[in-house]
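Peer 1:
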Amino acid sequence: MSDALLETRNLVIKFGGVTAADNVSLKIHAGRNLAIIGPNGAGKTTFLNICTGWLKPSQGQVFFEGRDITPLPPRKIVDKGVARAFQIPQLFTEHTALENLLIAVSARDKLRKTVMDMHSIPERAEMLHLLEMVGCADAADTLVVELSEGQRKLIDIAVALALKPKLLLMDEPTSGVASSEKHKIMEILIGALKEAQVTSVFVEHDMGIVENYADEVAVWNSGDVQLRGTPAEILEHPDVIRDVIGEVA
Amino acid sequence: MTNRFVKRTVAAMVAGALPVMAIAADKPESLNVGMTTFLTGPASVFGVPARNAAEILVENINAEGGINGVPIDITFIDEGAGAEALTSEYRRMVESGSAEVMLASISSGNCQTIAPLAEDLQVPNLMWDCGTQRIFEENDYQYVFRTQANATPEMLATVLYLLKTNPDFKTIAVVNQDYAWGRDSWDIFSTALKAMKPDVEVLAEFFPKFGSPDFSTEISRLQALQPDVILSTSWGGDLDTFVQQASQRGLLNSSTFVLPLAESSLERLGSALTDGHIVGGRGDHYFLHPDRRDDEDFQAFMSQYEEKTGEVSVYPVFHASQAIAALTAAYDKAIEDNGVDWPSEDQLLAALEGLTFQGLGREVTIREDNQGIEDQLLGTSVQTGDYPFATMENIMIFDGDELTTPVGENSLEWVQTLDASMVESVTVDQYDN
Amino acid sequence: MSTHKSKTATTISEPGKGHSVMKSPLSLLWLVVILVVMAVPIAAPSMKLLFTFAMAKGLGVLGVTVLLRAGQVSFGHALYFGIAAYAGAFLMAAMPGMDILIVLLAGGIGATVAGLFVGLFVVRYRGIFFGMLNLAFSMIFWSILEKFYHYTGGADGIRLERPNVFGSAMNHTDFGLVLYYMLVALMIGLGWYTMRWFNSPVGQLFQTIKTNETRLEYLGISPKRALLSGYLLSAALCGVGGVMMGMAQGVVTPEYVWWVRSAEMVFIAVLGGSGSVQGAFLGALIYEAVRTYASVYAGDVWQMILGGFLLVIILFAPGGLIGILQSLFKRSHDKTGGGK
Amino acid sequence: MNLAIFLLALFDGVAYAALVFIVALGLTLIFGVMRILNVAHGSLYAIGAYTTVTLTGWVLALGFAPILAFPLMLVSAVLVGVLIGGPLEYFLLRRIYDKSEVLQLLVTFAVFMILEDVQRLVWGTRPYFDSSALQALGNISVFGVTYTVYQLILLPLIAVTLLLGMRFFLRHTLTGKLITATTEDREAAQSIGVDADKVFLFTFIIGAVLAGLGGALASPTTSILPGMGADMIVLSFAVVATAGLGQIEGAALTALMIGLGRSFAVYLYPEFSVLVPYLIMVVVLLVRPEGLFGTPSARKI
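Same order as they appear, the protein sequences are chains B, X, Y and R. So the first sequence is numbered by this note's numbering: it starts at 11 and just counts up by one. So the second sequence is numbered by this note's numbering: it starts at 4 and just counts up by one. So the third sequence is numbered by this note's numbering: it starts at 263 and just counts up by one. So the fourth sequence is numbered by this note's numbering: it starts at 8 and just counts up by one.
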């Protein structure tokens with residue numbers, strides 16, 4: 011048994027001839043926000059895809075709360091309490107922001123309710139509150155395609171939170187957002203995560219964000235976690251400055 | 004509509020109360036007749052000639068003053084639009100009173116649908132072209148009459164002609180269209196053949212899809228099997244394709260083809276149909292009908308038809324003429340029998356029972372079960388050079404009475420009771436060409 | 263402000279949404295339409311049959327409409343129309359005098375069970391493959407109907423004998439009326455249920471297949487299962503339509519299952535307004551009317567007229583007839599609103 | 008089943024497959040490049056056949072040699088492609104590229120319905136049959152069974168030539184490469200100066216010519232009558248979907264499977280011959296959901 015919420019053991023991922031992950035063993039502990047940083051194309055998104063069952067590793071296993079979830083499809087992993095937010099928000103484009111959340115919360119019941127109007131489900135108030143938490147209360151009745159990228163990102167995260175996950179994996183929550191808004195979004199986000207008591211992992215390129223909002227940082231490079239530590243430790247490290255921060259800057 | 008309904012109700016009540024007393028109807032401005040026929044789809048090779056013929060015939064009748072001064076007004080319904088459209092239009096026509104008498108239909112499937120419908124709607128319906136023998140064998144109808152034969156006499160005549168002209172053949176194969184006609188006609192043909200010549204071996208049975216564009220594989224198989232006789236009751240494009248392809252690949256030289264519907268394809272087949280194959284036309288129908296070709300009216304119509312359409316007449320033209328002849332004969336008879344200006348529906352129905360009439364072919368009589376008794380003409384193909392297509396020689400006309408299943412019996416059961424003696428005993432007139 | 267925008271944008275794909283703006287005049291219209299439909303057999307008996315066929319076909323089209331909501335189009339849904347009709351015909355042949363409700367049930371269940379078997383397979387596919395696989399299954403069934411002549415009557419089909427109604431045999435006029443009002447009831451009942459279903463959690467999850475299956479999967483829902491739930495509903499609706507059509511015509515033929523019939527159902531769904539419940543029935547009525555009258559008055563070109571009609575709708579009124587209707591109502595509503 | 012029968016079934020199957028392939032090739036090409044499943048392809052096939060018969064009828068009536076029927080087939084195919092295919096793309100399909108797959112398909116279905124009636128208005132309902140071309144080539148005898156040279160040799164030869172020619176065209180000519188590039192990424196192709204509209208028009212015309220050619224080549228072997236297009240198109244759908252969308256080699260293989268399956272069925276269980284194409288399609292897609300030659304497209308997230 012392991013004390014970690016999510017743990018990977020000896021993950022190997024190969025695409026054609028390229029090795030995207032090479033023998034990765036990583037533990038994610040409950041109650042802390044872990045940031046994963048690294049150069050572009052290092053395999054960070056692929057890592058999230060593996061953890062959520064979208065892709066299968068060539069070798070190695072993924073454990074969640076001590077149970078092997080490697081062979082499970084994403085939806086089964088979601089059932090266990092792992093939710094995911096995406097770099098490009100994955101929303102229902104023909105629905106409003108509130109409806110996206112109502113659909114998400116309906117999914118908790120699986121496919122059962124066939125007559126009741128979705129707008130009158132008891133969880134509606136809860137979802138309105140969630141919208142408020144991510145600062146999008148105004149957008150409730152707006153089609154998501156008409157929202158700004160930043161709002162879409164927040165709603166994408168809210169959709170994931172509607173599932174009441176134990177762990178939330180986020181892929182660059184602030185990419186594509188005007189830099190003036192980045193901190194505002196992270197502020198809202200971290201607040202919401204804390205309120206919902208959700209552990210989070212986020213892939214991030216903006217070192218400012220990492221420095222301010224991560225409890226812990228893992229550096230991904232050349233298919234493996236090279237370093238791990240507090241933001242202060244990691245951001246000072248010469249290898250990181252050379253390989254990661256240099257590139258971003 | 005309501006008027007008609009009231010009339011009917013009153014008529015029914017009075018007729019019920021006073022069965023002997025007949026009620027005459029007012030003479031209408033015109034006799035409205037509806038005719039279902041294929042104007043679209045593959046079967047329009049029959050439907051369109053029939054419509055053309057009906058138009059000419061009705062025009063001719065009206066030019067001579069119509070029936071007792073009442074002109075005929077004929078409208079057509081397209082069977083090709085599908086059973087749905089057909090039944091709804093049929094109903095609409097009858098229920099709105101825009102047709103007093105219906106002539107329906109070509110397709111056997113449509114006949115099966117329409118017969119009970121006509122009975123429900125209480126409209127006299129003359130089945131003018133459908134082949135299935137089941138109609139009057141499986142049900143009794145008061146309003147439905149057939150002005151031609153059915154599959155049983157048509158197939159029996161074919162078997163008899165084959166046995167008379169080719170008594171020694173040993174093997175047979177069949178290539179029929181895959182639908183009721185193709186299946187039923189083979190059931191009757193094979194049953195009759197088994198009864199009259201039990202030693203014949205059936206080498207292969209093919210039922211290619213209706214409207215099949217290609218018979219190459221079947222022809223290869225037939226060439227490998229080499230049957231003495233190949234039967235096909237197909238028609239239209241299917242028959243044309245089959246015979247053309249068989250002709251191209253020499254199958255017509257190695258086997259005798261028996262084609263009970265080829266009369267309707269002769270012109271289109273041109274030189275592809277070589278000498279020595281058996282040709283029929285679903286009754287005594289042939290534009291060179293040996294009994295009729297010297298008749299003036301017959302000649303006049305044939306030239307009228309050719310002028311209008313640019314084609315020679317085929318059997319649906321004859322069937323249309325029989326239906327219209329039956330219609331006028333029935334009205335004339337009802338008017339005369341009852342001494343009225345115009346007959347009621349019941350008087351018309353009574354006149355149709357046992358009616359004898361003559362269209363372009365020989366006389367036809369409607370039997371007590373409402374089935375028409377029609378003679379059957381078959382011949383052997385020959386390319387004489389007189390026409391750019393095959394004509395018939397060695398023509399035989401079989402007496403329809405002897406070939407039609409007796410009233411109340413089932414065709415297949417009755418055909419099983421026949422035997423080889425029928426080949427000799429059957430009444431037949433023979434002609435050289 | 264944003265509220266208003268979202269409503270205009272969603273009206274076509276989800277007519278249920280426009281409620282607050284258009285509810286009163288449009289739903290009043292539907293009420294009137296239903297009353298008119300109920301009056302047809304009395305007021306215009308010659309139109310009765312046309313409406314009967316249109317309602318039966320409309321139920322089938324409703325089935326196709328359900329799938330359109332998930333962005334999927336089946337070119338083989340005539341399969342369920344046909345299976346149900348044949349189920350009814352076989353039942354009546356085996357047990358004459360069966361009650362009409364049992365026949366209806368047999369048809370519906372037959373189609374749903376078939377939908378389950380085919381559905382389990384086809385829900386793995388999307389887009390063209392989904393459409394073509396449905397086509398393949400319907401054509402397999404069609405070939406079987408054509409080939410097994412001695413059981414199915416081949417290309418000519420078999421008669422669907424008139425069932426009893428609550429134990430008593432009926433003549434054709436009375437039976438026609440029973441069928442008619444049963445269809446009205448089914449149209450209202452199933453139409454209402456389908457609308458509720460669209461707005462229910464399951465219906466909404468089903469419709470997300472159109473926009474984002476990845477997210478659906480990450481909500482813990484199997485897209486295949488979600489699609490299957492709608493597929494079963496669509497098969498059942500087609501089945502009910504098919505068995506009613508079979509009873510109305512008294513004969514069922516393989517033509518019911520022919521691929522052109524399936525395409526026709528999609529055609530009608532788009533004509534009416536893709537995704538709209540009312541549109542399915544409205545489209546079916548217009549289609550049947552054009553087809554009937556065009557085949558009478560323009561026998562040679564009825565297909566051409568319908569084809570041209572469809573082109574005009576797709577190119578100039580992509581919301582279908584319902585879309586046109588809604589924009590008409592909206593305009594008049596805006597006008598009166600502006601006057602206040 | 009002895010060897011002779013086996014070979015006979017094989018020959019029949021190949022001859023049939025050749026014709027199916029030629030028609031399906033056009034459909035596959037159009038779908039591969041434009042992502043439109045063109046239902047009207049069936050009508051173009053039928054019109055190609057009608058045109059050939061009409062032209063051949065005229066020319067032969069003027070007393071020319073039957074061998075002229077061959078160039079006339081090409082003429083008819085090109086006429087169909089340019090006079091019907093061209094305007095169809097230019098005036099109609101061009102307007103709907105941004106619409107959903109369903110609507111695109113329905114537009115072509117509407118065109119199909121219209122063209123079905125056009126055929127009836129122009130050529131009537133009477134079946135046509137003109138086999139001058141086929142007869143000009145004579146017969147050949149195999150195991151005592153007579154085949155026409157046209158079906159046994161010429162059609163498969165044309166089919167193979169078209170397959171190889173199309174491969175060469177798409178891979179080794181400039182126009183072909185432009186088409187392939189536009190297929191793979193329309194925007195990228197446009198950004199480097201490819202006129203995508205022209206490429207689509209050209210592709211559609213080629214596809215339509217192939218449909219017309221299929222009809223032209225089929226015309227001497229069959230009766231030409233209303234409804235022939237509807238049958239051919241549904242078969243071509245089966246080929247295109249089974250092949251893997253846009254895969255011309257797949258289309259060739261599928262056509263061959265369908266042709267052989269059908270002819271062996273006629274020899275062994277004639278009643279199953281109609282089922283064969285659809286059974287093949289279902290079985291292939293059950294095993295390979297993207298079709299024989301299709302590749303699964305992984306969605307990027």
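Think of the CB as a built atom: it goes at the ideal place given N, C-alpha and C, for glycine as much as any other residue. Every value quoted in this text rests on a predicted model; they were computed, and no experiment measured them.
Following the continuous beta strand (DSSP E) through R477/Y, name the residue where it begins and the one where it ends.
Peer 2: One-based indexing of the third sequence puts residue 477/Y at position 215. Run containing R477/Y: none in the beta strand (DSSP E); it sits in the alpha helix (DSSP H), E475 to E479.
Peer 1: Looking at chain R, is there any beta carbon in it that lies within less than 9 angstroms of the beta carbon of V410/X?
Peer 2: Position 407 of the second sequence, counted from the start, is the residue given in the question as residue 410/X. Chain R, which has no Cβ nearer than 9 angstroms to the Cβ of V410/X, makes this no.
Peer 1: For G50/X versus L42/X, is the C-beta distance shorter than 9 angstroms?
Peer 2: Here residue 50/X corresponds to residue number 47 of the second sequence, with the count starting at 1. Here residue 42/X corresponds to residue number 39 of the second sequence, with the count starting at 1. Contact flag set, yes.
Peer 1: Identify the contact partners of Y480/Y in chain B, using a Cβ-Cβ distance below 8 angstroms as the criterion.
Peer 2: For the purposes of this step, residue 480/Y is identified with residue 218 of the third sequence, where counting begins at 1. Simply T62, P84, R85, V88, A93, R94, Q100 and A170.
Peer 1: Whose Cβ in chain X lies nearer than 7 angstroms to the Cβ of Q142/R?
Peer 2: Counting from one through the fourth sequence, the residue named residue 142/R turns up at place 135. The contacting residues are Q251.
Peer 1: Under 8 angstroms: do the segment 240-252 of chain X and the segment 214-231 of chain R share three or more Cβ pairs, one atom per stretch?
Peer 2: Contact holds: three or more Cβ-Cβ distances are below 8 angstroms.
Peer 1: Tell me where the alpha helix (DSSP H) around N65/X begins and ends.
Peer 2: Here residue 65/X corresponds to residue number 62 of the second sequence, with the count starting at 1. Residues S47 to A66.
Peer 1: Expressed to the nearest angstrom, what Euclidean distance is found between the alpha-carbon atoms of P263/X and L269/X?
Peer 2: Against the second sequence, residue 263/X aligns to sequence position 260. Against the second sequence, residue 269/X aligns to sequence position 266. Looking at the two C-alpha atoms, the distance is approximately 12 angstroms.
Peer 1: In terms of DSSP beta bridges, what is K204/B paired with?
Peer 2: Your numbering for residue 204/B matches position 194 in the first sequence. The partner list for K204/B (beta bridge, DSSP) is empty, contrary to what the question assumes.
Peer 1: In chain R, which residues lie less than 7 angstroms from S47/X when you measure between Cβ atoms?
Peer 2: Here residue 47/X refers to the residue found at position 44 when the second sequence is read from its first residue. Near S47/X (Cβ distances below 7 angstroms), the residues of chain R are T132.
Peer 1: May I have the straight-line CA-CA distance separating G183/R from F176/R, to the nearest angstrom?
Peer 2: Position 176 of the fourth sequence, counting from 1, holds the residue named residue 183/R. Position 169 of the fourth sequence, counting from 1, holds the residue named residue 176/R. Cα-Cα distance, rounded: 5 angstroms.
Peer 1: Of all the options S50/R, V89/R and A250/R, which has the alpha carbon lying nearest to the alpha carbon of V294/R?
Peer 2: Reading the fourth sequence from its first residue, position 287 is the one you call residue 294/R. Per the Cα distances, A250/R.
Peer 1: In whole angstroms, give me the CA-to-CA distance for N396/Y and A53/X.
Peer 2: In the third sequence, the residue the question calls residue 396/Y occupies position 134. In the second sequence, the residue the question calls residue 53/X occupies position 50. The straight-line gap from Cα to Cα measures roughly 40 angstroms.
Peer 1: Looking only at its chain, what residues have a beta carbon closer than 6 angstroms to the beta carbon of G70/B, apart from the 5 residues adjacent to it on each side?
Peer 2: Here residue 70/B is taken as the residue at index 60 of the first sequence, counted from 1. Closer than 6 angstroms at the Cβ level, and outside the excluded window around G70/B, lie R19, N20, L21 and V22.
Peer 1: Nearest chain R C-beta to L577/Y closer than 9 angstroms, yes or no?
Peer 2: Translated into the one-based positions of the third sequence, residue 577/Y becomes position 315. Yes, contact with chain R.
Peer 1: Jot down the residue ranges of each uninterrupted alpha helix (DSSP H) in the segment 225-294 of chain X, minimum 4 residues, whole runs only, in chain order.
Peer 2: For the segment 225-294 of chain X, whole alpha helix (DSSP H) runs of length 4 or above, ordered along the chain, are 239-251, 254-257 and 269-272.
Peer 1: Compare the beta carbon distance of Y443/Y and M309/Y with 9 angstroms and say whether it is the shorter of the two.
Peer 2: For the purposes of this step, residue 443/Y is taken as residue 181 along the third sequence, with counting starting at 1. For the purposes of this step, residue 309/Y is taken as residue 47 along the third sequence, with counting starting at 1. The answer is no: Cβ separation not under 9 angstroms.
Peer 1: In the DSSP assignment, what are the bridge partners of L36/B?
Peer 2: The residue labelled residue 36/B in the question sits at position 26 within the first sequence. For L36/B, which the question treats as bridged, DSSP gives the partners T18/B.
Peer 1: Going by alpha carbons, who is nearest to N33/B out of L44/B, P49/B, I219/B and F57/B?
Peer 2: As a working note, residue 33/B is residue 23 in the first sequence. Taking only the C-alpha atoms, the option nearest N33/B is F57/B.
Peer 1: Just to confirm before moving on: does the CB-CB distance between A117/R and G569/Y stay below 9 angstroms?
Peer 2: One-based indexing of the fourth sequence puts residue 117/R at position 110. One-based indexing of the third sequence puts residue 569/Y at position 307. Cβ distance < 9 angstroms, so A117/R and G569/Y count as in contact.
Peer 1: Is there a C-beta anywhere in chain X that falls below 9 angstroms from the one on R269/R?
Peer 2: For the purposes of this step, residue 269/R is taken as residue 262 along the fourth sequence, with counting starting at 1. By this cut-off, R269/R is an interface position.
Peer 1: Within 9 angstroms (strictly less), CB to CB, does T435/Y reach chain B?
Peer 2: The residue given as residue 435/Y occupies position 173 in the third sequence. No, its Cβ sits nowhere closer than 9 angstroms to a Cβ of chain B.
Peer 1: Is it true that the CB of R331/Y sits closer than 9 angstroms to the CB of F460/Y?
Peer 2: Position 198 of the third sequence holds residue 460/Y. Position 69 of the third sequence holds residue 331/Y. Cβ atoms of F460/Y and R331/Y: closer than 9 angstroms.
Peer 1: So which residues on chain R does G85/X lean against when the C-beta distance must stay under 9 angstroms?
Peer 2: Position 82 of the second sequence holds residue 85/X. By Cβ distance, chain R contributes nothing, its closest Cβ being about 13 angstroms from G85/X, past 9 angstroms.
Peer 1: With S414/X as the anchor, note down where its alpha helix (DSSP H) starts and where it stops.
Peer 2: Taking the first residue of the second sequence as 1, we reach residue 414/X at position 411. Per DSSP, S414/X belongs to the alpha helix (DSSP H) from S414 to Q419.
Peer 1: Could you name the residues of the same chain whose beta carbon sits closer than 8 angstroms to that of V85/R, not counting the 5 residues immediately before and after it, in chain order?
Peer 2: What you label residue 85/R is simply residue 78 of the fourth sequence in a count that begins at 1. Contacts found: V216 and G219.
Peer 1: Could you tell me the distance, in whole angstroms, from the CA atom of A347/Y to the CA atom of E423/Y?
Peer 2: As a position in the third sequence, residue 347/Y is number 85, starting the count at 1. As a position in the third sequence, residue 423/Y is number 161, starting the count at 1. Computed Cα separation, rounded: 11 angstroms.
Peer 1: Which residues in the same chain as V40/B place their Cβ atom closer than 7 angstroms to its Cβ, once the five residues preceding and following it in sequence are excluded?
Peer 2: Position 30 of the first sequence, counting from 1, holds the residue named residue 40/B. Reading off the sequence, residue 40/B comes out as Ala, not Val. The residues are L15 and T209.
Peer 1: When the cut-off is 9 angstroms and only beta carbons count, does Y455/Y lie next to chain B?
Peer 2: Along the third sequence, read from residue 1 onward, the residue named residue 455/Y stands at position 193. Yes, contact with chain B.
Peer 1: Any residues in the segment 474-502 of chain Y with a beta carbon nearer than 7 angstroms to a beta carbon of chain B? Which ones, in chain order?
Peer 2: Cβ contacts with chain B: N474, T476, R477, E479, Y480, L481, G482, I483, S484, R487, A488 and S491.
Peer 1: Compare the C-alpha of V290/R against each of H48/R, M264/R and W65/R and name the closest.
Peer 2: On the fourth sequence, residue 290/R is found 283 positions in, with the first residue counted as 1. Ranking the options by Cα distance to V290/R, first place goes to M264/R.
Peer 1: Does any C-beta atom of chain Y lie closer than 9 angstroms to the C-beta of Y447/X?
Peer 2: Residue 447/X lies beyond the residue range present for chain X, which begins at 4 and ends at 436; the question has no answer from this structure.
Peer 1: Please confirm if A417/Y has its CB atom under 9 angstroms from at least one CB of chain X.
Peer 2: Your numbering for residue 417/Y matches position 155 in the third sequence. With 9 angstroms as the cut-off, A417/Y counts as an interface residue toward chain X.
Peer 1: Starting from K24/B, follow its DSSP beta bridges and name the residues at the other end.
Peer 2: Along the first sequence, read from residue 1 onward, the residue named residue 24/B stands at position 14. The partner list for K24/B (beta bridge, DSSP) reads T29/B.
Peer 1: Could you tell me how far apart the beta carbons of V162/X and A195/X are, in whole angstroms, since I believe they sit closer than 8 angstroms?
Peer 2: Working through the second sequence from its first residue, we reach residue 162/X at position 159. Working through the second sequence from its first residue, we reach residue 195/X at position 192. Going by Cβ atoms, the distance from V162/X to A195/X rounds to 4 angstroms, so yes, they are a contact pair.
Peer 1: Considering only DSSP beta bridges, list what L381/X is partnered with.
Peer 2: One-based indexing of the second sequence puts residue 381/X at position 378. Answer by DSSP bridge pairing, in chain order: G283/X and M399/X.
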